[in-house]
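Enquirer: Taken in sequence, the protein lines are chains P, Z, D and E.
Its first residue numbered 1, the first sequence is counted upward by one per residue in my numbering.
Its first residue numbered 158, the second sequence is counted upward by one per residue in my numbering.
Its first residue numbered 315, the third sequence is counted upward by one per residue in my numbering.
Its first residue numbered 472, the fourth sequence is counted upward by one per residue in my numbering.
Glycine is no exception: its CB is placed at the ideal position from the N, C-alpha and C atoms.
4 protein chains.
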Amino acid sequence: MNSASDDLLAGELRGGEHRLRLRVYYEDTDFSGVVYHASFLRFMERGRTDYLRLLGIDHRALFEGGGAESAGLAFVVRTMTLEFLKPAYMDDVLEVVTRPREVGGASIWLDQMVGRGHTVLTTAQVRVACVEDGKAQRIPKTLRDALAADAAKARDL
Amino acid sequence: MNSASDDLLAGELRGGEHRLRLRVYYEDTDFSGVVYHASFLRFMERGRTDYLRLLGIDHRALFEGGGAESAGLAFVVRTMTLEFLKPAYMDDVLEVVTRPREVGGASIWLDQMVGRGHTVLTTAQVRVACVEDGKAQRIPKTLRDALAADAAKARDL
Amino acid sequence: MNSASDDLLAGELRGGEHRLRLRVYYEDTDFSGVVYHASFLRFMERGRTDYLRLLGIDHRALFEGGGAESAGLAFVVRTMTLEFLKPAYMDDVLEVVTRPREVGGASIWLDQMVGRGHTVLTTAQVRVACVEDGKAQRIPKTLRDALAADAAKARDL
Amino acid sequence: MNSASDDLLAGELRGGEHRLRLRVYYEDTDFSGVVYHASFLRFMERGRTDYLRLLGIDHRALFEGGGAESAGLAFVVRTMTLEFLKPAYMDDVLEVVTRPREVGGASIWLDQMVGRGHTVLTTAQVRVACVEDGKAQRIPKTLRDALAADAAKARDL
Chain P
1 MNSASDDLLA GELRGGEHRL RLRVYYEDTD FSGVVYHASF LRFMERGRTD YLRLLGIDHR
61 ALFEGGGAES AGLAFVVRTM TLEFLKPAYM DDVLEVVTRP REVGGASIWL DQMVGRGHTV
121 LTTAQVRVAC VEDGKAQRIP KTLRDALAAD AAKARDL
Chain Z
158 MNSASDDLLA GELRGGEHRL RLRVYYEDTD FSGVVYHASF LRFMERGRTD YLRLLGIDHR
218 ALFEGGGAES AGLAFVVRTM TLEFLKPAYM DDVLEVVTRP REVGGASIWL DQMVGRGHTV
278 LTTAQVRVAC VEDGKAQRIP KTLRDALAAD AAKARDL
Chain D
315 MNSASDDLLA GELRGGEHRL RLRVYYEDTD FSGVVYHASF LRFMERGRTD YLRLLGIDHR
375 ALFEGGGAES AGLAFVVRTM TLEFLKPAYM DDVLEVVTRP REVGGASIWL DQMVGRGHTV
435 LTTAQVRVAC VEDGKAQRIP KTLRDALAAD AAKARDL
Chain E
472 MNSASDDLLA GELRGGEHRL RLRVYYEDTD FSGVVYHASF LRFMERGRTD YLRLLGIDHR
532 ALFEGGGAES AGLAFVVRTM TLEFLKPAYM DDVLEVVTRP REVGGASIWL DQMVGRGHTV
592 LTTAQVRVAC VEDGKAQRIP KTLRDALAAD AAKARDL
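1) Can you grab the Cα-Cα spacing for the pair residue 332 of chain D / residue 109 of chain P, in whole Å?
2) Which term fits residue 428 of chain D, buried or exposed, when burial requires 16 or more other beta carbons within 10 angstroms of its beta carbon?
3) Answer with yes or no whether the minimum CB distance from residue 264 of chain Z to chain D is below 8 Å.
4) For residue 189 of chain Z, does the three-state DSSP call read helix, strand or coil?
5) According to DSSP, is residue 322 of chain D helix, strand or coil?
6) Can you tell me whether DSSP reads residue 272 of chain Z as helix, strand or coil?
7) Is there contact here, the region 587-596 of chain E with the region 549-567 of chain E, by at least three beta-carbon pairs under 8 Å?
8) Interface residues of chain E around residue 341 of chain D at Cβ under 8 Å?
9) Of the residues P:72, P:143 and P:140, which one's Cα is nearest the Cα of residue 503 of chain E?
10) Is residue 237 of chain Z close to chain E? Criterion is C-beta to C-beta, closer than 8 Å.
11) Taking the alpha carbon of residue 500 of chain E as the reference point, which residue from D:352, D:336 and D:335 has its own alpha carbon closest?
12) Determine whether the Cβ of residue 291 of chain Z lies closer than 8 Å to any Cβ atom of chain D.
13) When you compare the CB positions of residue 268 of chain Z and residue 284 of chain Z, do they come within less than 8 Å of one another, or not?
14) If the cut is a Cβ gap below 8 Å, which residues of chain P does residue 204 of chain Z touch?
15) Could I get the ranges of all uninterrupted beta strand (DSSP E) runs contained in the region 511-541 of chain E, with 3 residues as the minimum, in chain order?
16) Report, in whole angstroms, the separation of the C-beta atoms of residue 165 of chain Z and residue 564 of chain E, which I expect to be a contact under 8 Å.
17) Could you name the residues of the same chain whose beta carbon sits closer than 8 Å to that of residue 182 of chain Z, not counting the 5 residues immediately before and after it, in chain order?
18) Alpha carbon to alpha carbon, what distance is there between residue 193 of chain Z and residue 535 of chain E?
19) For a test of the three-state rule: what should DSSP assign to residue 310 of chain Z, helix, strand or coil?
20) Return the first residue and the last residue of the beta strand (DSSP E) that residue 561 of chain E is part of.
21) Below 8 Å on the Cβ atoms is my contact criterion, and I expect residue 621 of chain E with residue 487 of chain E to pass it. Report the Cβ-Cβ distance as a whole number of Å.
22) Do you know how far the Cα of residue 409 of chain D is from the Cα of residue 291 of chain Z?
23) Using a Cβ-Cβ distance under 8 Å, would residue 77 of chain P count as near chain E?
24) Where does residue 612 of chain E sit, in a helix, a strand or coil, going by DSSP?
25) Cβ atoms of residue 179 of chain Z and residue 203 of chain Z: under 8 Å apart, would you say?
26) Flag residue 485 of chain E as yes if its beta-carbon sits less than 8 Å from any beta-carbon of chain Z, otherwise no.
27) Counting only beta-carbon atoms, is residue 224 of chain Z nearer than 8 Å to chain E?
28) Which residue wins for smallest C-alpha separation from residue 327 of chain D, given the options D:365, D:461, D:393 and D:445?
29) Using a 10 Å radius around the Cβ and a threshold of 16 neighbouring Cβ atoms, would you call residue 570 of chain E buried or exposed?
30) Can you find a CB in chain E that lies within less than 8 Å of the CB of residue 41 of chain P?
31) In chain order, what residues of the same chain have a beta carbon less than 6 Å from the beta carbon of residue 550 of chain E, not counting five sequence neighbours either side?
32) Does any residue of chain D bring its CB to less than 8 Å from the CB of residue 118 of chain P?
33) Work out the CA separation of residue 132 of chain P and residue 105 of chain P for me, nearest whole Å.
34) Taking 7 Å as the limit between beta carbons, can you name the residues of its chain near residue 155 of chain P, skipping five residues before and five after?
35) Give me, in chain order, the residues of the same chain whose beta-carbon lies closer than 7 Å to that of residue 528 of chain E; leave out the 5 immediate sequence neighbours on both sides.
36) In chain order, what residues of the same chain lie with their CB nearer than 6 Å to the CB of residue 624 of chain E, ignoring the 5 residues before and after it?
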């Protein structure tokens, strides 16, 4: 049901890394005049979600469990190491870059960056786990293979 | 499992109206220096949720369906008329006042107000419906009776 | 500094109405499985902000006061009447439609709609005021003229 | 202007650590049924903000610059290492514990924990910097001394 223009919304995947452009709105900022720190985590989650979307994951279907391998699955962040280097501002167009670093049976290690033009604003190393009712579950094999292929490409950059 | 101090967190119910005090944090504000307009809806939802909590509703249990009368139920906002009269600021202590105005089989009409001291900042008339899978459902009778009693008290104020 | 692809992010303006497509992410949903009601206000604010952007408004510059006519100005919602007709879900691609209905000296009346495909999910009538330090200010004339022209076009639809 | 009951809202400070109780509402959860990961950062920011409040910091006044030592100052997160160990749910009463670990001229290192009863849900090591227009500034001396005293107490625990 995804049209071509819906896919544009999901960013682009090239050379083993995913890039998503997004705009800073009122909702993302705080009274000190800059983007609120937790908004960067929302931006990074959008990047991860769309990256997996372009690898074939429909998050709602995955959770609601249409298929045999994937009933009730969701992705959750287990660990995250963040550096907030420079502020972002209202109206900015930002880019979220997501690269898989390593893929295990039930976990994905990703490197993420939020930038504006050539300026790096925030970086993160993230471990995401695949869970069902809070318990670790194997990542669907087709997804694992696609992530591993991207991780190999990203290492070659 | 609710301790006395947990109940304090849920505000207080007196004379047919519910009052909840809350603090404005960074997350609630935007770059223009004031509380972001949609944050007032989050504050009002906290007020409604805690009001129903003090009338005996455990929202998670209601949704997950522990009992006979209430499997899968949730409350959703159907209509809302808002007036944003004055701004709120970082560090402010606000009070959310919630009064039931009328109770139907599947809907509750509420008047809500967010104030700071004696200053009214935002007012809302809200219709909340009880739904299951998006379809209107009868409000559990014990809750309906409690709301109707409060609505009668609030009319006498 | 806005490139062509940045402008794509801001939606499109045609026949006196603005359309912005956006995706539903984890952050927009709540535990009952649908999009949280206040998230629709965030979506509508994105629509209004990008509509004004395409009419030439740089919100940060407006607030920080680069020019003669516009020092310290911001747009704030004064009144809002909302109908939440149908739920939206994780992964949905939604469209926010914004049409100016009337333009006064210091206020704009807008009709907004959030839809999915041909389904209307939420509608709103919104009055937005131009303020400086919380006090009503005249809307910059070039913006007022552009809004009035769009309102005339939208009436002809 | 803070009344006694406003101070209750700000949590309590004892033995060099700050504890803030808060409730999980609809707004904090996502469609997978648990608290959204970035909501924990909002909770931790509430803890840090109220901790500094009890040490005498009025965040709005600090930013708007009432006094000689503090014009235009704000606190921003520079680095954060997070572990999300267990999920939180709708209706939960959580506790945010904040302990200063070390205090420098322009930075504060804090350990934070969000728990439910005796269960640790999320932990974080956070470095917060004092900035003005994005540039590091010395932390006001009275605050630095109070933090250092708490850090010494917390080490003795």
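Expert: On the basis of the coordinates in this document:
1) For the purposes of this step, residue 332 of chain D is taken as residue 18 along the third sequence, with counting starting at 1. For the purposes of this step, residue 109 of chain P is taken as residue 109 along the first sequence, with counting starting at 1. Rounded to the nearest angstrom, the two C-alpha atoms are 40 Å apart.
2) Working through the third sequence from its first residue, we reach residue 428 of chain D at position 114. Buried is the label assigned to residue 428 of chain D, since at least 16 other Cβ atoms lie within 10 Å of its Cβ.
3) The residue you call residue 264 of chain Z lines up with position 107 of the second sequence. So, not an interface residue.
4) As a first step, residue 189 of chain Z is located in the second sequence; it is residue number 32 there, counting from the start. In the three-state reduction of the DSSP assignment, residue 189 of chain Z falls in the coil class.
5) Taking the first residue of the third sequence as position 1, residue 322 of chain D is located at position 8. If DSSP states are grouped into helix, strand and coil, residue 322 of chain D belongs with the helices.
6) As a position in the second sequence, residue 272 of chain Z is number 115, starting the count at 1. In this structure, residue 272 of chain Z counts as strand in the three-state DSSP scheme.
7) Three or more Cβ pairs closer than 8 Å define a contact, and the region 587-596 of chain E meets that threshold against the region 549-567 of chain E.
8) One-based indexing of the third sequence puts residue 341 of chain D at position 27. The contacting residues are 501, 507 and 509.
9) Translated into positions along the fourth sequence, residue 503 of chain E becomes position 32. Nearest of P:72, P:143 and P:140 to residue 503 of chain E, Cα basis: P:72.
10) One-based indexing of the second sequence puts residue 237 of chain Z at position 80. With respect to chain E, the C-beta atom of residue 237 of chain Z has no partner C-beta closer than 8 Å.
11) Against the fourth sequence, residue 500 of chain E aligns to sequence position 29. Closest option to residue 500 of chain E, Cα to Cα, is D:352.
12) On the second sequence, residue 291 of chain Z is found 134 positions in, with the first residue counted as 1. For residue 291 of chain Z, a Cβ of chain D is located within less than 8 Å of the residue's own Cβ.
13) Counting from one through the second sequence, the residue named residue 268 of chain Z turns up at place 111. Counting from one through the second sequence, the residue named residue 284 of chain Z turns up at place 127. Going by C-beta atoms, residue 268 of chain Z is not nearer than 8 Å to residue 284 of chain Z.
14) As a first step, residue 204 of chain Z must be located in the second sequence, where it is residue number 47. Near residue 204 of chain Z there are no residues of chain P at all, since even the closest Cβ is about 21 Å away, more than 8 Å.
15) Whole beta strand (DSSP E) segments, 3+ residues: zero.
16) Position 8 of the second sequence, counted from the first residue, corresponds to residue 165 of chain Z. Position 93 of the fourth sequence, counted from the first residue, corresponds to residue 564 of chain E. Cβ-Cβ separation between residue 165 of chain Z and residue 564 of chain E: approximately 10 Å, too far for a contact (criterion under 8 Å).
17) What you label residue 182 of chain Z is simply residue 25 of the second sequence in a count that begins at 1. Same-chain partners within the cutoff: 247.
18) Position 64 of the fourth sequence, counted from the first residue, corresponds to residue 535 of chain E. Position 36 of the second sequence, counted from the first residue, corresponds to residue 193 of chain Z. One C-alpha to the other measures close to 18 Å.
19) Walking along the second sequence from the start, residue 310 of chain Z turns up at place 153. In the structure shown, the three-state DSSP call for residue 310 of chain Z is helix.
20) Working through the fourth sequence from its first residue, we reach residue 561 of chain E at position 90. No residue range can be given for residue 561 of chain E, since it is assigned to no beta strand (DSSP E) and is classified by DSSP as neither H nor E.
21) Position 150 of the fourth sequence holds residue 621 of chain E. Position 16 of the fourth sequence holds residue 487 of chain E. That pair is a contact at about 4 Å.
22) As a first step, residue 291 of chain Z must be located in the second sequence, where it is residue number 134. As a first step, residue 409 of chain D must be located in the third sequence, where it is residue number 95. Answer to the nearest angstrom: the Cα atoms are 21 Å apart.
23) Position 77 of the first sequence holds residue 77 of chain P. With 8 Å as the cut-off, residue 77 of chain P counts as an interface residue toward chain E.
24) As a working mapping, residue 612 of chain E is identified with position 141 in the fourth sequence. DSSP, read as helix, strand or coil, puts residue 612 of chain E in helix.
25) Within the second sequence, numbered from 1, the residue matching residue 203 of chain Z stands at position 46. Within the second sequence, numbered from 1, the residue matching residue 179 of chain Z stands at position 22. A contact, by the Cβ cut-off of 8 Å.
26) Taking the fourth sequence and counting its residues from 1, the one referred to as residue 485 of chain E is at position 14. It does not: the Cβ of residue 485 of chain E has no partner Cβ on chain Z nearer than 8 Å.
27) For this step, residue 224 of chain Z is matched to residue 67 along the second sequence. Low per-residue confidence applies at residue 224 of chain Z: pLDDT is 48, beneath 50, and the placement is therefore not dependable, though the value from the model is reported in the following sentence. No, residue 224 of chain Z does not count as interfacial toward chain E.
28) Start at 1 with the first residue of the third sequence, and residue 327 of chain D comes out as number 13. When only C-alpha atoms are compared, the closest one is D:365.
29) As a first step, residue 570 of chain E must be located in the fourth sequence, where it is residue number 99. In the assembly as shown, residue 570 of chain E is a buried residue. Its beta-carbon has 16 or more other beta-carbons within 10 Å.
30) By one-based count along the first sequence, residue 41 of chain P stands at place 41. So yes, residue 41 of chain P belongs to the interface.
31) Position 79 of the fourth sequence holds residue 550 of chain E. The residues are 598.
32) Sequence index remark: in the first sequence, residue 118 of chain P carries index 118 (1-based). It does not: the Cβ of residue 118 of chain P has no partner Cβ on chain D nearer than 8 Å.
33) As a working note, residue 105 of chain P is residue 105 in the first sequence. As a working note, residue 132 of chain P is residue 132 in the first sequence. As the crow flies, the alpha-carbon of residue 105 of chain P is around 14 Å from that of residue 132 of chain P.
34) Looking up residue 155 of chain P in the first sequence gives position 155. Same-chain partners within the cutoff: there are none.
35) Residue 528 of chain E sits at position 57 when you count from the first residue of the fourth sequence. The residues 614, in chain order, have a CB closer than 7 Å to that of residue 528 of chain E in the same chain once the five nearest residues on each side in sequence are set aside.
36) Locating residue 624 of chain E in the fourth sequence gives position 153, where the first residue counts as 1. Taking C-beta separations shorter than 6 Å and ignoring five residues to either side along the sequence, the partners of residue 624 of chain E in its chain run 486 and 487, following chain order.
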